[in-house]
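Chains as they are written, first to last, in the working numbering: chain U, 38 to 564; chain D, -6 to 546.
Every residue gets a Cβ at the ideal spot worked out from N, C-alpha and C, and that includes glycine.
Some notes on the structure that comes next.
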């Protein structure tokens, strides 16, 4: 052994992260020449904008099941919106939007907005923290993942990151979050797969090169030095500044709108040519235990304000992208850790609940409503919650498969579970998709339960198109109590007898999913 | 900024605007010197003292010393404990088996073996890192680093682990003792005799290397009043002729035949002293006369005190500091015949050391950053019985330290690391566009993944770190305690709010964190409850560790 080499030798036996072990910051990647060569985004570079509604959004007051209005009036009198104020939608008379969502109503009517009804997961966890982690990671309630679903996707797409990044192929941050710190959703298996800025003002400090003030002390002098080096060593500092300065917002955004402030930045970064795949923005305050509505006018209050902010920001963002000619490249998606309880409480609010609708928007989105209106049990009490119609990981699967064009065989390695995808996109431009075919099932009666009410055994009849069928049973609180089937069935009419065993009496939701198509039916167990 | 400029600013603040962070009272700062500190004894002072004399400030140490007072605390910290167990053969593997030393036995007495030396040296370095992480609550490990920087050898150049170990051990023996003993032991240290060619220094063929560094780097320096001459270097080299190492016993001996027995005439800088040449074994006595002469020069204590000051207090020494601190401290050193402990005691107990200007006025060196993080976050490492795991782990930390520019055991050259002496950059030289991202990535690694060896995982124990705080369930108290602990200077309110928002996952009510924490504490083995808390604390500490202020000590 050469005596000069033995430094390297000393770390034998331990695998050291690449960048740490390698050559530090790749300064060449930010040279203007290299950017000239590499800065050519192509139309199929899809961008996903995740909009987090922090606190648990009240789905029933966001997307209102008009056919259940009378029951809603019984069980959530404190918060229910006046029927004549609810915004109608083209092509349906059973679903309406909160009056604050006028912009999103327009997007819906233009076919650019998809509502996915009752998205959730089995065995709802009612803790903000735990449920946020579940949504961020894609875990079951019984398991713990330490990486996020988008982090794993980005790790799949760029497996060498951060070693040798930035580079010609990917000169830009893989993801950008505007928030206190990088969310678990963007955490990869071993590295944070993105860059976060605390808030828009910190972002403007970055692009304007304004350092924060340090105290006029010896420590302050050193601090300024460290900050300067940090700015210089931020491999992505210059590309972000360039992208921002090379672009403008073409549409008008609403003033004093915390979400619009963030989406404005996102639009400019996309328009400025960043190849960043994922953006995460958030708006908080959806934890409306009280004062969700003002009692004298239920179309006003905290929730109305929040939805107004949401709708105004999303609408301006979509308009901006359209004017920039970018709308085919960008899809947005809202998510929240849970919906809220069916019944309202005496403080004019609602408590933590279960499934709730999600919005997906963009010109590639096949606008409309996916799924049925939730069923509101007339005698709903505090333990009743909306069961899921769609698992949120089916939405994730769709984003990965149809938007990011991940081959089917690789999806399991990213989501760590196997979920079917949904018909969300119009004409997914990456792979021939069978979802179109399956869509044609829509409207047909797929599931039949008999007898109803039942005492012990329930006969589940369904028609199979061939292929996999998943049948789940949830109780009134949204807990998964049984999975009678999750396997391939031959095409044709099928029948399955499910023994409810020791389960208590009450109503149960039987859910069937075949590819994109799903249905939920209620069955009552009686003595 | 020069201290004087700052004081000037202090005296004439711009009207209507505060120059300072309001937490500090400006009154304490004007012209502080070595008089005993009499200000408040609170968490800020304790942390400042601990971070400067050790590597990092553990929470339990902070609590312990808070119960004390500056005088007692410094006395305690200046009391060395027992030396750590000897380094052992922890490197046998399928690739290499030491032919002379069984696994688990110490190699410090093993003969030179070309094939084994790289392994033994790596073992020595990892042993050293282990000592730093396992350090007791006293100054000794920090002082060993100070002396290693001040009187360095390069392990790779010496390339004999037994000598390298003996060198480190000699630093330990003398670190808090008498500088005269230290410099004599170093002069006659086998590693040093090899490193600076002393063993080839002969009558008729003098090698001036050590004689030069003895004055330029170890004792006199190149300060404004340092006037030793080239002739003084040559005469000192003649005195140092004849010292040899016995390769069989590793003992030093004096070889009269190789010694220049002529008289040695020094310059006016040394009072025109003549050291009479001696023949035979008496020639060895000339070394004592040489050291006495050098130590009798006023520059020697001044030089050492400046070096101590830069290492422990602040890189820049302006006229005011020279007058108020360096001069008086050098006098303490002379008055105590170069005993080091009284000098350090006076400095660390002084008003000047606790002057508000010193908080955060140092960029953490690589070992401060690395070892401090290990200790403050209760990071477990394999114990000494887990030979291979401990070796692998500590060698990895050592390697990372080298990537951070501090290769313990192999400083860049005989003048040590530039951070401790090189004007004008000094400690800023630790931070570059290469090392700063590496520091961040290493803390990410320890936070999320940890260092995995065959049978052990070393990861920052963030739950244990938080659990020892007085009120971890209250997000406000938690944020406040962590900020006071992790940072030496105040951070803006906005940052506090950002940290709290991370703990609350953006929720508004404090009880969401409180409930999650209490649920975890009441059922600590429940994975779900633990991970729920951890998933907040990970980005929380990520943000703390990435903040630029974290680089300051």
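Neighbours of residue 353/D in chain U, taken as residues whose beta carbon is under 7 Å from its own, are 256 in chain order. Each residue's CA atom was taken as its position, placing residue 225/U and residue 124/D some 34 Å apart.
Under the 8 Å criterion on CB atoms, residue 276/D is classed as non-interfacial with respect to chain U.
Across the stretch 98 to 113 of chain D, CB contacts with chain U closer than 7 Å involve 111, in sequence order along the chain. The shortest CA-to-CA distance from residue 389/D to any of 24/D, 94/D, 523/D, 120/D is the one to 120/D. In the displayed model, residue 173/U falls within a helix according to three-state DSSP. Taking a Cβ-Cβ cut-off of 8 Å, the neighbours of residue 500/D in chain U comprise 91, 92, 165, 321, 324, given in sequence order. Only buried fits residue 111/D, as 16 or more other CB atoms lie within 10 angstroms of its CB.
At a cut-off of 8 Å between beta carbons, residue 212/U makes no contact with chain D. Scanning 432/U, 555/U, 542/U, 391/U for the CA closest to the CA of residue 93/U turns up 391/U. By the C-beta density criterion, residue 436/D is buried, having at least 16 other C-beta atoms within 10 angstroms. At least one CB of chain U lies nearer than 8 Å to the CB of residue 421/D.
Per the Cβ contact rule, the stretch 235 to 246 of chain U is not in contact with the stretch 443 to 456 of chain D (fewer than 3 Cβ pairs under 8 Å).
Ranked by how close their Cα comes to the Cα of residue 528/D, the residues 115/U, 182/U, 125/U, 114/U have 182/U in first place. Residue-level contact by beta carbon fails for residue 315/D and chain U, as no gap is shorter than 8 Å. Per DSSP, the continuous alpha helix (DSSP H) segment holding residue 186/U begins and ends at 186 to 194. Boundaries of the beta strand (DSSP E) around residue 90/U: 84 to 91. Looking from the CA of residue 122/U, the closest CA among 403/U, 362/U, 336/U, 386/U belongs to 336/U. For residue 318/U, the closest C-alpha among the options 371/U, 82/U, 187/U, 432/U is that of 371/U. Interface with chain D (8 Å Cβ-Cβ cutoff): residue 266/U is included. Rounded to the nearest angstrom, the Cβ distance from residue 188/D to residue 147/D is 7 Å, consistent with a contact under 8 Å. Taking 8 Å as the cut-off, the beta carbon of residue 273/U is found closer than this to the beta carbon of residue 209/U. The Cβ atoms of residue 221/D and residue 260/D lie closer than 8 Å to each other. Contact between the stretch 357 to 365 of chain U and the stretch 395 to 403 of chain U is present, with at least three C-beta pairs closer than 8 Å.
Residue state for residue 438/U is assigned as helix, using DSSP reduced to three classes. Taking a beta-carbon distance threshold of 8 Å, residue 108/U does not count as an interface residue toward chain D. Per the coordinates, the alpha-carbon of residue 167/D lies some 16 Å from the alpha-carbon of residue 338/D. With fewer than 16 other Cβ atoms from the protein chains shown falling within 10 Å of its own Cβ, residue 111/U counts as exposed. The beta carbon of residue 442/D falls within 8 Å of a beta carbon belonging to chain U, placing the residue at that interface. Spanning the alpha carbons of residue 376/D and residue 85/D requires a straight line of approximately 17 Å.
The DSSP-derived three-state label of residue 133/U is strand. With contacts defined as CB atoms closer than 8 Å, residue 326/U and residue 384/U qualify as a contacting pair. Residue environment: residue 417/D is assigned as exposed (fewer than 16 neighbouring CB atoms within 10 Å of its CB, all protein chains considered).
Less than 8 Å separates the beta-carbon of residue 140/U from that of residue 352/U. Contact check between the stretch 451 to 460 of chain U and the stretch 179 to 193 of chain U: three or more CB pairs, one atom from each, fall below 8 Å, which counts as touching. Cβ-Cβ separation between residue 532/D and residue 219/U: approximately 7 Å, consistent with a contact (criterion under 8 Å).
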